[in-house]
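Chemist: The structure's right below; bear with me while I get my questions together.
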Amino acid sequence: MVYEWISHHPDETAAKAEQLGELLGSGDVLTLEGDLGAGKTTFTKGLAKGLGVKRVVNSPTFTIMKEYMGRIPLYHMDVYRLGEEWEDLGFDEYFEGEGVTIVEWAHLIQEQLPEERLEISIYHLNEWERKIFFTPYGHKYEQLCKEILA
Ligand code: ADP
Ligand code: MG
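The numbers in my numbering rise by one with no breaks, and the one at position 84 of the sequence shown is 132.
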C-alpha cells in the first residue's frame, strides 16, 4: 500500500514530518528521495523538530552522516557521494542503533537497507505543491502511515 499526500506549503511538509518524528523510536529507518529542491531538507528539519532536536539541521552533502541529539539521536545520511561504488561503511550500526536514521539517495545502498523501513518520495508539482508518497515496508510503518495520513 502506498500512501499519497499533497503538501501545499513548506510549513505543511515540515509539520507532517514533525508529526511523524514525534512517533518514531529507536531503530526506525526512513528513506528519502526527491530531486533537488523537492523538499528533502525541509522534511528532515520537521522530522528533527518532532524528535526534539534543537540544533539547526542542514544538508549533510559533504559528509555521509550527521548526528543530531534529540529525545533520541537522529542520524541524517546522504549517500549521494558514495555513488555506485559504495562499500559497507557500517550502516547497520546506525540502522539498528539508538536513534532514527533518515537516508537521502537511499537507492544507492539498496542492498544495505533493512527490510522494514518507510520509503518517502517527494515530487515537485509546482511552486508550492509537492506530492509525497509514503511506502511502508513492515507492519510498524504501515501503522505509522495510517496514524499520520488517515
Ligand atoms: P531538497 O533538500 O530536496 O533539495 P529543500 O528542502 O532544500 O529541498 O528545498 C525545497 C524548496 O522548495 C524550499 O525553498 C521550500 O521553501 C520550497 N517549497 C515550496 N513549496 C514546498 C512544499 N510544499 N514543501 C516543501 N518545500 C517547498
Ligand atoms: Mg537537501
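Where is the CB? At the ideal position from N, CA and C, for every residue including glycine. For clarity, every value in this text was computed on a predicted model and none was experimentally measured.
#1: For Lys102 and Thr149, I'd like the C-alpha separation in whole angstroms.
#2: Is Thr111 buried or exposed, if buried means 16 or more other CB atoms sit within 10 Å of its CB?
#3: Can you name, in chain order, every residue of its own chain whose Cβ lies under 6 Å from the Cβ of Val151, other than the five neighbours on each side?
#4: Under three-state DSSP, which class holds Lys88?
#5: Take Gly186 as the anchor and find which of Pro162, Glu195, Leu197 and Leu173 has the nearest alpha-carbon.
#6: Does the Cβ of Asp76 have 16 or more other Cβ atoms within 10 Å, making it buried, or fewer, making it exposed?
#7: Considering Tyr185, what are the terminal residues of the beta strand (DSSP E) in which it resides?
#8: Using a Cβ-based criterion (distance less than 7 Å to any ligand heavy atom), does Lys97 qualify as near the ligand MG?
#9: Which two residues bound the contiguous alpha helix (DSSP H) that contains Lys64?
#10: If you draw a straight line from the C-alpha of Lys203 to the C-alpha of Ile196, how long is it?
#11: Given a threshold of 16 other Cβ atoms within 10 Å of its Cβ, counted over all protein chains shown, does Gly138 qualify as buried or as exposed?
#12: Could you have a look at Arg103 and say whether DSSP puts it in helix, strand or coil?
Modeler: Straight from the coordinates:
#1: 17 Å
#2: exposed
#3: Thr79 and Met125
#4: helix
#5: With distances taken between CA atoms, Gly186 lies nearest to Pro162 out of Pro162, Glu195, Leu197 and Leu173.
#6: Per the 10 Å Cβ criterion, buried.
#7: Arg178 to Tyr185
#8: no
#9: Pro58 to Leu71
#10: The structure shown has nothing for residue 203, since the chain only spans 49 to 198.
#11: exposed
#12: coil
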